[in-house]
Amino acid sequence: IKADTNKSLVEDTQSGIAQFSSWCSENELAISTEKTNYILFSKMYLGIHVDDRLNWLEHINKQGEKAIKTQQNLKRIAGGNWGISQIHRWTLYKTVIERMLAHGSSAWCLNPTFKMKRKLSSIQRPFLLHISGAYRTTPTAALQTILGIPPLHMQLQFEARFTSIYRLRIPLPIFITDTQPHDLEMKATGWSTHPSEHLKPNQISFEDGEAYIARKDIINIFTDGSKTEHGVGAAFCVLTIDIWAYQWSAKLNDNNPVFQAELTALHEAVIYASHLPNHNTSNIHVENRASIMASSNSKSTNETARKIFKILLSNPRIKVSWVKAHAGNIGNERADQLAKDATQHGQPYSHTKLPKPHIKGIFRKRMLEEWQTSWKNGDTGRKVYNIMPSVSLRPTNWIREDVIFFSQHGPFPAYLKRFHLSDSDYCSCGGIGTALHYATECIYTVSWHMKKPAPNFEQEWLKRVANNLVSRQKIRGIIKFMSENRDLFRPP
Numbered sequence: 195i196k197a198d199t200n201k202s203l204v205e206d207t208q209s210g211i212a213q214f215s216s217w218c219s220e221n222e223l224a225i226s227t228e229k230t231n232y233i234l235f236s237k238m239y240l241g242i243h244v245d246d247r248l249n250w251l252e253h254i255n256k257q258g259e260k261a262i263k264t265q266q267n268l269k270r271i272a273g274g275n276w277g278i279s280q281i282h283r284w285t286l287y288k289t290v291i292e293r294m295l296a297h298g299s300s301a302w303c304l305n306p307t308f309k310m311k312r313k314l315s316s317i318q319r320p321f322l323l324h325i326s327g328a329y330r331t332t333p334t335a336a337l338q339t340i341l342g343i344p345p346l347h348m349q350l351q352f353e354a355r356f357t358s359i360y361r362l363r364i365p366l367p368i369f370i371t372d373t374q375p376h377d378l379e380m381k382a383t384g385w386s387t388h389p390s391e392h393l394k395p396n397q398i399s400f401e402d403g404e405a406y407i408a409r410k411d412i413i414n415i416f417t418d419g420s421k422t423e424h425g426v427g428a429a430f431c432v433l434t435i436d437i438w439a440y441q442w443s444a445k446l447n448d449n450n451p452v453f454q455a456e457l458t459a460l461h462e463a464v465i466y467a468s469h470l471p472n473h474n475t476s477n478i479h480v481e482n483r484a485s486i487m488a489s490s491n492s493k494s495t496n497e498t499a500r501k502i503f504k505i506l507l508s509n510p511r512i513k514v515s516w517v518k519a520h521a522g523n524i525g526n527e528r529a530d531q532l533a534k535d536a537t538q539h540g541q542p543y544s545h546t547k548l549p550k551p552h553i554k555g556i557f558r559k560r561m562l563e564e565w566q567t568s569w570k571n572g573d574t575g576r577k578v579y580n581i582m583p584s585v586s587l588r589p590t591n592w593i594r595e596d597v598i599f600f601s602q603h604g605p606f607p608a609y610l611k612r613f614h615l616s617d618s619d620y621c622s623c624g625g626i627g628t629a630l631h632y633a634t635e636c637i638y639t640v641s642w643h644m645k646k647p648a649p650n651f652e653q654e655w656l657k658r659v660a661n662n663l664v665s666r667q668k669i670r671g672i673i674k675f676m677s678e679n680r681d682l683f684r685p686p
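Going by the numbering used here, the first residue of the sequence shown is number 195, and it counts up by one from there.
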């Protein structure tokens, strides 16, 4: 049954059910209500479920169902303490699960609502538990910090922002970034010229071009790019019959990488050489092999490199050769100094756009700041926060036993009593069964004991243990021993 509105759908469905009921009565057929159900198909466009209220919860629910099915399959190849390693589980989550959940995020996760955040968190949690092998009561925020996996809504919002400004060319609010779509360097695709057109064999050389410098019939041009704490600079200088005939330098945006500075210097050099009289042969000396390779490739994805290729194609008298850097070459050293000077005093150069990693870095930094604020002001996972107060995208090297000990969600009587899984929080040796007790006092774990800290130094002690591999190996021995001998640690 299909209808344009909810009201029409209800009316048409009731009419259809009435007709079906009448037909069953006429043919004396009984329908089992226990085996009867209905399926409501939502609108879907390019893999995104669109509900009537446009709150995207329908899409998140559908994606969550797919994710849970995938998680069930993952359980077949990895359990709490067997199967593929933790780093492989982490990689599968980042490359498979997260990619699936991120589908179309630029359409629905630019400004996630509280309900969306909560639902995404519930979808992410089973995977965090599966990757870490932690107890199911371990706080989600703590697992995210331990594994270096941001809250799912923040990760999807990061990707939605990047896709919007870089791929869809949609400007974002100024409080997110003041970078506009037209400020970003776009990735070029396809061929820059017809495939049959290519550079002359002798136009590009990866052998040291220092031999050309001694020739008086060739105009030698030296290029270089530099990035220092003062900024980014590009420069080239022209040597004609032992005379410095011309030089050019400019200061690029501080966010441009050295590769862009090298390409900019080469681009300006080929423009200069193309305007020289036709009877002059020019040899441009470049110390950066990557910029030569990009500029000689007609399918380069860099727009500046494509411009260089087209100029070289129409001017076969211009040659480009590699020169060894910092080898005492007077021309290369001069270009290098000009580029370094340009980082401070060069004329601003606005033709080179910002690279893709720059805008990604802005959004990633903002995501980390939001994550850090959430972690700092959160109510859960405080035991882990005292050990790891700062978030990072790099996972810690903690294994399952480490997570259990430092989160204090494990086979400890104090934990079991807290969650009403035991009537007593005492260890069978008579002490309070905390994680610290087993690491420093319990008579059953004496083989792995460490010196007990004073009460006011417990947090510092935990930090030192967490950062010391030898201490963590002792912790792992304790947790494994407790897991294998649960009856021994039950309260009397």
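Don't be surprised by glycine CBs; every beta carbon is placed ideally from N, CA and C.
Where residue i sits in the DSSP three-state scheme
i      : result
Asn267 : helix
Asn526 : helix
Thr628 : coil
Val664 : helix
Val290 : helix
Ala301 : helix
Lys309 : helix
Ile242 : strand
Val640 : helix
Gly277 : strand
Ala212 : helix
Ala261 : helix
Lys645 : coil
Cβ distance (whole Å) where residue i is taken to contact residue j below 8 Å
i      : j      : result
Ala197 : Asp206 : 5 Å
Trp442 : Ala429 : 6 Å
Tyr543 : Thr458 : 7 Å
His552 : Asn449 : 5 Å
Lys550 : Leu378 : 7 Å
Ala488 : Ile415 : The pair is not a contact, with the Cβ atoms about 18 Å apart (cut-off 8 Å).
Lys260 : Met310 : That belief does not hold up - the Cβ atoms of Lys260 and Met310 are roughly 17 Å apart, past 8 Å.
Ile486 : Ile512 : Actually they do not touch by this definition, with Cβ atoms about 13 Å apart.
Met582 : Thr339 : 6 Å
Leu570 : Ser601 : The sequence shown places Lys at residue 570, rather than the Leu named in the question. Incorrect: roughly 18 Å between the Cβ atoms, too far for contact.
Leu687 : Ala354 : Residue numbering for the chain in the displayed model covers 195 to 686; residue 687 lies beyond these limits and cannot be assessed.
Ala608 : Thr495 : Actually they do not touch by this definition, with Cβ atoms about 58 Å apart.
Phe599 : Thr639 : The Cβ separation is near 12 Å, so there is no contact.
Leu610 : Asn447 : Their Cβ separation, rounded to whole angstroms, is 59 Å, which puts Leu610 and Asn447 out of contact at 8 Å.
Sequence-distant residues of its chain with Cβ nearer than 7 Å to residue i (five each side left out)
i      : result
Gly210 : Ile195
Lys253 : The identity of residue 253 in the sequence shown is His, whereas the question assumes Lys. Correct list, in chain order: Ile242, His243 and Trp302.
Leu393 : Ser490, Leu506 and Leu507
Asp402 : Trp516, Val517 and Lys518
Met348 : Met561, Glu564 and Trp565
Lys554 : Phe356
Asn396 : Lys513
Sequence-distant residues of its chain with Cβ nearer than 8 Å to residue i (five each side left out)
i      : result
Ile435 : Lys410
Tyr440 : Cys431, Val432 and Tyr466
Ile637 : Cys623
Ala533 : Asp418, Gly419, Ser420, Gly427, Ala428, Ala429, Ser443, Ala455 and Ala459
Lys501 : His461
Pro365 : Ile359, Gln374 and Pro375
Phe503 : Ser386, Thr387, Leu393, Ser489, Ser490, Asn491, Ser492 and Ser494
Contacting residues, own chain, Cβ-Cβ under 6 Å from residue i (five flanking each side not counted)
i      : result
Asp596 : Arg666
Asn474 : Ile413
Lys269 : none
Pro320 : Gln265
Buried versus exposed, by CB contacts within 10 Å (16 or more), residue i
i      : result
Cys431 : buried
Ala484 : exposed
Phe324 : The question names Phe, but residue 324 in the sequence shown is His. So His324 counts as buried.
Ser316 : exposed
His603 : buried
His520 : exposed
Tyr632 : buried
Ser358 : buried
Thr227 : exposed
Asp530 : buried
Gln287 : Contrary to the premise, residue 287 reads as Tyr rather than Gln in this sequence. It is buried - the Cβ of Tyr287 has at least 16 other Cβ atoms within 10 Å.
Pro344 : buried
Trp592 : buried
Trp438 : exposed
Trp276 : exposed
Below-8 Å beta-carbon distance, residue i vs any chain D residue
i      : result
Gln265 : Absent from the structure: chain D. Only one protein chain is present.
Could I get the ranges of all uninterrupted alpha helix (DSSP H) runs contained in the region 541 to 577, with 4 residues as the minimum, in chain order? List check, alpha helix (DSSP H) in window: 550 to 571.
Contained alpha helix (DSSP H) runs [length at least 4] in the region 450 to 512, N- to C-terminal order: Counting only runs of 4 or more, we get 452 to 468, 483 to 489 and 497 to 508.
Counting only runs of 3+ residues fully inside the region 413 to 454, write out the beta strand (DSSP E) ranges in chain order. Secondary structure within the region 413 to 454: the beta strand (DSSP E) runs of 3 or more consecutive residues, fully enclosed, are 425 to 434 and 437 to 446 (chain order).
If we require 4 or more residues per run, which alpha helix (DSSP H) segments fall completely within the region 317 to 389? For the region 317 to 389, whole alpha helix (DSSP H) runs of length 4 or above, ordered along the chain, are 334 to 341 and 346 to 356.
Return the chain-ordered ranges of every beta strand (DSSP E) run that is complete within the region 577 to 616 and spans a minimum of 3 residues. Not a single unbroken stretch of the beta strand (DSSP E) spanning 3 or more residues falls wholly within the region 577 to 616.
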